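A.B. asks:
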Amino acid sequence: MSYSHEDQTPGRTPASRTKVIDPLLQRILHRHEVTNSFFSNYPLKQQLGRQRIPNLQIELPHVKQERISPIIIEPSHWIKAIPKIMLLFPNGKLTAKFFNNNIRALATHSATYRQAQDFLEKAKIPFHTFSLPVDRSLNFLLRGINNNTLVKDVQNELSELGFETTHIRQLLKNGKPLPMYMVTLPCNPTNKKLFNLTSIYYISITVKQYRASEPSQCFNC
14 MSYSHEDQTP
24 GRTPASRTKV
34 IDPLLQRILH
44 RHEVTNSFFS
54 NYPLKQQLGR
64 QRIPNLQIEL
74 PHVKQERISP
84 IIIEPSHWIK
94 AIPKIMLLFP
104 NGKLTAKFFN
114 NNIRALATHS
124 ATYRQAQDFL
134 EKAKIPFHTF
144 SLPVDRSLNF
154 LLRGINNNTL
164 VKDVQNELSE
174 LGFETTHIRQ
184 LLKNGKPLPM
194 YMVTLPCNPT
204 NKKLFNLTSI
214 YYISITVKQY
224 RASEPSQCFN
234 C
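This is the structure:
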C-alpha cells in the first residue's frame with residue numbers, strides 16, 4: 014500500500030512541494046525503469062522492430078499452350094461427318110465453329126487432332142488443315158562449305174556435332190555445285206541450335222533459315 018502524500022505546508026508553491034514515497038514502492042518503480050531501459054537498449058529488439066517480413070511471391074511455372082491447327086471442312090461435308098465424329102470425341106475434346114463460310118473443328122490435344130484426321134481420311138470426307146509445329150521441319154542454308162565436299166561428309170559432320178538430319182542437298186547453278194547446302198532437320202530444341210553454328214571442318218560458315226512457300230495439306234483426293 015502507498016503512504017505517499019504531499020507536503021501541505023502553507024506558503025509553499027506547488028513547485029517546491031516534495032513527495033514522500035514508500036521505500037517498497039520506490040524499489041518497484043526503480044526496477045520497472047531499469048527493465049524498460051534494458052529492453053530499449055537491447056539490440057535484438059531494435060532489429061526486430063525495424064525488420065520487415067517481405068511479401069512472399071510464388072511464381073508458378075509458365076506452361077506453354079500447345080498450338081493445334083484447325084481442321085477446316087465445308088458445311089455440306091460436315092453434316093455427313095458430325096453423327097460419328099462427335100461420338101468419337103466426347104467431353105469437349107473436339108469442338109466446331111462456323112467461320113468464313115466453313116466449319117473449323119478444333120481439337121484440345123494433338124492426339125485428338127491426329128485421330129480426327131484419320132477418321133476423316135477413312136470416311137473419305139474432304140478437309141484441309143496445316144501440319145502441327147511438332148511435325149514441321151527445320152530448313153537451314155549453310156554457306157561457305159567447300160563445293161567439293163560430299164553431302165555424306167556434311168551429314169556425318171553434323172551428326173558428330175549432335176544434329177539429327179533428315180535430308181541434305183547441295184545447291185546447283187547451271188549444273189555446277191555451289192558452296193551452299195540446304196539441311197532439313199526435325200523440329201526440336203537441339204536442332205534449332207544449328208542456327209548458331211559458326212564453323213564446320215574448322216572453316217567459318219554462315220547459317221541462314223531457308224524459307225520456302227509450302228501449300229497447306231489437302232486431302233480432297
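In this note's numbering, the protein residues as written are 14 to 234. For glycine and all other residues, C-beta sits at the position ideal for the given N, C-alpha and C. No experiment lies behind these values; they were computed from the predicted model shown.
Considering only the beta carbon of each residue, do TYR223 and PHE176 sit closer than 7 Å?
C.D. replies: For the purposes of this step, residue 223 is taken as the residue at position 210 of the sequence shown. For the purposes of this step, residue 176 is taken as the residue at position 163 of the sequence shown. No, they are not a contact pair.
A.B. asks: Between LEU133 and PHE140, which are expected to be in contact by the criterion C-beta below 8 Å, what is the C-beta distance as a whole number of angstroms?
C.D. replies: For this step, residue 133 is matched to residue 120 along the sequence shown. For this step, residue 140 is matched to residue 127 along the sequence shown. Going by Cβ atoms, the distance from LEU133 to PHE140 rounds to 5 Å, so yes, they are a contact pair.
A.B. asks: Count the other CB atoms, across all protein chains shown, that sit within 10 Å of the CB of ILE92; report buried if there are 16 or more and exposed otherwise.
C.D. replies: Your numbering for residue 92 matches position 79 in the sequence shown. Exposed is the call here.
A.B. asks: Using a Cβ-Cβ cut-off of 8 Å (strictly less than) and excluding sequence neighbours within five positions of HIS90, which residues of its own chain qualify?
C.D. replies: Position 77 of the sequence shown, counted from the first residue, corresponds to residue 90. Excluding sequence neighbours, HIS90 sits near ILE138, PRO139, PHE140.
A.B. asks: Which value, in whole angstroms, describes the spacing of the CA atoms of LYS189 and ARG127?
C.D. replies: Working through the sequence shown from its first residue, we reach residue 189 at position 176. Working through the sequence shown from its first residue, we reach residue 127 at position 114. LYS189 and ARG127: Cα-Cα distance of roughly 42 Å.
A.B. asks: Run through DSSP, which three-state label would ILE95 get?
C.D. replies: As a working mapping, residue 95 is identified with position 82 in the sequence shown. In this structure, ILE95 counts as helix in the three-state DSSP scheme.
A.B. asks: Quick one, which of ASP148, CYS200, THR162 has its alpha-carbon nearest ARG182's?
C.D. replies: For the purposes of this step, residue 182 is taken as residue 169 along the sequence shown, with counting starting at 1. The option with the nearest alpha carbon to ARG182 is THR162.
A.B. asks: Hey, how far is the Cα of ASN104 from the Cα of ILE98?
C.D. replies: As a first step, residue 104 must be located in the sequence shown, where it is residue number 91. As a first step, residue 98 must be located in the sequence shown, where it is residue number 85. Cα to Cα, ASN104 sits roughly 13 Å from ILE98.
A.B. asks: For ARG127, name the three-state secondary structure that DSSP assigns.
C.D. replies: Along the sequence shown, read from residue 1 onward, the residue named residue 127 stands at position 114. In this structure, ARG127 counts as helix in the three-state DSSP scheme.
A.B. asks: If you check the beta carbons only, do ASN204 and LEU198 fall under 7 Å apart?
C.D. replies: The count along the sequence shown starts at 1 and reaches residue 204 at position 191. The count along the sequence shown starts at 1 and reaches residue 198 at position 185. Their beta carbons are under 7 Å apart, which means ASN204 touches LEU198 by this criterion.
A.B. asks: Ends of the beta strand (DSSP E) at LEU107?
C.D. replies: Here residue 107 is taken as the residue at index 94 of the sequence shown, counted from 1. Unbroken beta strand (DSSP E) run through LEU107: 107-112.
A.B. asks: Within this structure, are the beta carbons of ILE81 and ALA124 separated by less than 7 Å?
C.D. replies: One-based indexing of the sequence shown puts residue 81 at position 68. One-based indexing of the sequence shown puts residue 124 at position 111. No. Outside cutoff.
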